[in-house]
Structures are given as structure tokens and as C-alpha cells.
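Numbering (our numbering), first residue to last: 1068 to 1581. Beta carbons: idealized from backbone N, C-alpha and C, even for Gly. Note that the structure is predicted; figures quoted are calculated from it, not measured. Comments concern the structure below.
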């Protein structure tokens, strides 16, 4: 949340070790979303209504300019969940270090119709025209139907469950960390959760416990019926749109009034082998880079882009223009630190004629499965072309981020991959090294260009295709391509010659943590 000139990040944290357990609300503050000060935990198990866990939730700024936190408390060893609130202990403290959990908690107890062990993560509240506050809580009906339970309150203390959920969808499993917010049809500005003006759509994002991805739909919020209806072309569930097609989960967004924007921030966990790895490292899990989020002009999907403040960490810069890459060609981008870099590149091509046919048998496959079949070393027509990140000198290790264009029956399909399968020499079958991928919704007929931005930071590659239409985050653990021994290459393994219109790359500084 943003409050009185300070950004606050609250996060699920184990102060006793680098494995899951003993979860408290970690708390850090910042003036710029880049440099952070770590504080004492804001909320931790201490009362009967959260004795067995203080799980996720959200912050809301009330009309009196006072913030309040809603969070899930675990009340017994069976993981029975309730919803609690906490308020600042001292509003004059600019960092709001101390939080009080009043004794009238819990505010919401699951009734007999609710699965008490799948009832968590209350959203930021919004106020309707009737003056009632509303929140959504993630849950699951019997027989694996995910749902966003709706509750209303006049005073933020006494909450009543609506007769029907805000939205539900069969066969999607438990919905975690729901997020519900308006987006403008007119511009890229963010909107407060309670915004009730015209020219808006709404977004419902859910983190699906079964797949561990963040999915969203775009649709209409019927304020009279208190129901959310996804657009006809917006699919619920596993075949739907994702905020990120890689290692990115449990995201939350908030409205930032200082720059009139909405920011979404996700968690990317470890992908190495065993808890012992985390114990040895002494830490586990990172936050991805905060992203500004808005509605694409088509109205069909969201656009995400790293917040502009990230650019303050840029140091040495190199720039390339109008470089051509024929089939099988590769060159190294030198002059920057390839283990910690920000790279923006624009590719162009003169023709779509060499695009490979899209196999009809792939129609039911996820993009990730197609990328596994058509990796960066499999020669193609139009692509694969892109970046080889965190690469060792002789390419024993590398994580390629690339495009491949296919000719489908009615149009062209653009596949974007971030393929971790060759990312490390460590040999362990239990390591999670997927060929993460998503499709990019662009029209290449008129504009034969594709852009890519990759944020590279030692064990993470966070990539944005076509200006943020498709985002993929990979966690990788190279053994050779580390620090000064990491390299960055641009490559083309397609028969169509690719032109690098522009490539800008920066070494990135380290943010300040206190």
C-alpha cells in the first residue's frame, strides 16, 4: 500500500528459517519502490484467532485516511481459517511499525456452506454506491469449483456474506490471493478500487492452487446484482490469460495515487531441488520487479511493464542499431554486466512467408509444451530468435528468451519462450527447469516487428514481450554463468534473416536495503 509518502510491502515470511512455516507478516518500507528498509514483522500469531498462522490479506485506506489490514488467521491444527483485521498502533510513526489486532476479532467466520480450510486472502475493500464496503475472499466449493466469496459491511466491522459469490468457475480448484480492480478503457492510468465512473472494465485475478499460476479475466462488474461477468473472449481457468507464464504467483495489486497508476507485484519462489538448498543459501523466495498494469487498447488483455523507478538503477549502457542476423548467427553483447542487466531489443523481418505451419495437434497443448517441442536450437523459418541470457562462454549453460512465428489456419501465432532446460550444469532430475512459454497477441501483417525486454538478475530472468503483452519469469541456477563469467548473446536460428533495429542494454546497480 501507499500511505503518507511511504510504500509498504507486507509479505508472508518465516523469521526462523528459509523453508515454509512459522508464517508472519514481514514488513518493509520504501520511498521509491526500489530501495527498502526492513522492519520488524507487522503481524504474527499471538491471539486465539490467529494462533496457528497469520496468512495473506490486503490493506485498505479508509475515508478517514486511516489504513486497515484484513488478513487470514488460522485458529487450529486443522487449518480452520477466519478473517481478522489489524490497525496501526501509532499513526504518527511514518513507517507504521506497530500494528494492533483488536479483541473483537475475528470479523468473519466461515458458515457451514464454506470449506473452512479453503477460505483465505481477503482483498482490498471497495465501496459501492449504497455506501457498503465489499471484499472478496478466495475459496472452493465441493467438487473443485473455485470461487470468489463476496462480503459486505457498512462499518468495516460487521460483515455479511452475499447470497452468491462475486464469481465462480467449475474445475479450477481453490482460488488463492484473489484480486479485483477496475481498469480504464481510455488510458493507462490506474483507478482506485472504489472508482465508479464510466469507461471502465474490471479484472478478476486468481492464483490457482492446483497449477501455481496467476490467471485473470476481463469483464463487467454488475453493481446492481453484485456479480462479475467475464467477457465472452475471456476464459476462466487453466486455458485463460495469465499475468505471467513463468514462475510468478500470489500477486497483489494496489493503486498508487502519487503517479495515478496501478502496480501489481508477484512472488517468484525457488526452483532448485530440495529445502536443503534453501537452508544452505539462507534465504528463499523473491519478489519480482513491481509492474505498472493497465488495459490493452483492444480491451482483451492487460499490459504490464516494469515501474519507471527501476531505470534509476541503470549504469553502463551499450547501444546497437541495424544489425542483421542470418540463419544460425549469434553475437555477444559486450560492455555490460550480463549477470545483472536490463536489455531492450526490437527485432524486425521483411516477410512472413517463412513462418512454419502450426501443427493442428498442438491446438490443445499449452504454449509451454509447444516450446518444449520447438526449442531455441530447433531450426525454424521465422524464428527462433531472441536473447541467450545467463550464458556461459561456450554455451554449456544459457537461458534463451525467444520468439517463434507460426502460420495457423486463419492467422499467425507468435510463441514466446523462456526456456530453463539448459540453464545449469547441475544434474538433478528433481530440479524444476521448465520451458515456460506463452503466446503473444500481435498483428504482424502490417508491423513486422517484435520487441523484447529482459531483466536479468543472477538467478532470475524476467521478460516482457511486445511491450508487456506477454510476461515470463524464470528462476535459474547456473554454475558457470555467474557474476563476471555470465555472457549475453543475441541469436537467430530461423531461415528468415532478422534485423536488430535497436538494442539497448544497461548494467544494473544494486538497490539499497537496510
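Can residue i and residue j be called in contact, C-beta distance under 8 Å?
i            : j            : result
residue 1243 : residue 1212 : no
residue 1371 : residue 1331 : yes
residue 1561 : residue 1453 : no
residue 1338 : residue 1281 : no
residue 1517 : residue 1481 : yes
residue 1309 : residue 1320 : no
residue 1359 : residue 1346 : no
residue 1425 : residue 1473 : yes
residue 1503 : residue 1316 : no
residue 1582 : residue 1400 : Given that the chain is displayed from residue 1068 to residue 1581, the structure contains no residue 1582 and the question cannot be resolved.
residue 1335 : residue 1540 : yes
residue 1563 : residue 1449 : yes
residue 1276 : residue 1240 : yes
Identify every residue that forms a DSSP beta bridge with residue i.
i            : result
residue 1226 : 1220
residue 1308 : 1283
residue 1338 : BP columns for residue 1338 are empty, so no partner.
residue 1288 : 1295
residue 1103 : 1097, 1580
residue 1542 : 1527
residue 1274 : 1243, 1281
residue 1119 : Answer is none; residue 1119 lacks a bridge partner.
residue 1079 : 1092
residue 1484 : 1469, 1504
Looking only at C-alpha atoms, which of the options sits nearest to residue i?
i            : options                : result
residue 1118 : 1304, 1147, 1100       : 1147
residue 1524 : 1182, 1353, 1071       : 1353
residue 1178 : 1508, 1227, 1154       : 1227
residue 1171 : 1114, 1576, 1084, 1165 : 1114
residue 1405 : 1143, 1285, 1459       : 1459
residue 1204 : 1294, 1218, 1198, 1251 : 1218
residue 1120 : 1102, 1144, 1100, 1127 : 1144
residue 1501 : 1481, 1436, 1518, 1529 : 1436
residue 1221 : 1253, 1202, 1071, 1358 : 1202
residue 1198 : 1262, 1365, 1266, 1086 : 1262
residue 1150 : 1175, 1160, 1386       : 1175
residue 1351 : 1438, 1078, 1366, 1207 : 1078
residue 1495 : 1344, 1450, 1445, 1123 : 1344
residue 1249 : 1241, 1295, 1208, 1232 : 1295
residue 1237 : 1517, 1209, 1245       : 1209
residue 1122 : 1305, 1096, 1073, 1152 : 1152
residue 1408 : 1163, 1570, 1271, 1508 : 1570
residue 1367 : 1329, 1577, 1509, 1129 : 1509
residue 1414 : 1451, 1379, 1306       : 1451
residue 1475 : 1430, 1568, 1301, 1487 : 1430
residue 1542 : 1564, 1498, 1207       : 1498
In angstroms with no decimal places, state the Cα-to-Cα distance between residue i and residue j.
i            : j            : result
residue 1484 : residue 1422 : 17 Å
residue 1247 : residue 1269 : 7 Å
residue 1392 : residue 1566 : 6 Å
residue 1215 : residue 1462 : 46 Å
residue 1433 : residue 1092 : 35 Å
residue 1442 : residue 1068 : 40 Å
residue 1383 : residue 1167 : 46 Å
residue 1531 : residue 1225 : 43 Å
residue 1544 : residue 1131 : 48 Å
residue 1105 : residue 1579 : 11 Å
residue 1260 : residue 1491 : 43 Å
residue 1325 : residue 1165 : 24 Å
residue 1471 : residue 1235 : 35 Å
residue 1272 : residue 1283 : 4 Å
residue 1085 : residue 1348 : 8 Å
residue 1466 : residue 1440 : 16 Å
residue 1487 : residue 1376 : 28 Å
residue 1082 : residue 1126 : 22 Å
Three or more C-beta pairs closer than 8 Å, one from the stretch 1545–1558 and one from the stretch 1392–1403: is that the case here? yes
Between the stretch 1189–1204 and the stretch 1129–1144, do three or more beta carbon pairs fall short of 8 Å? yes
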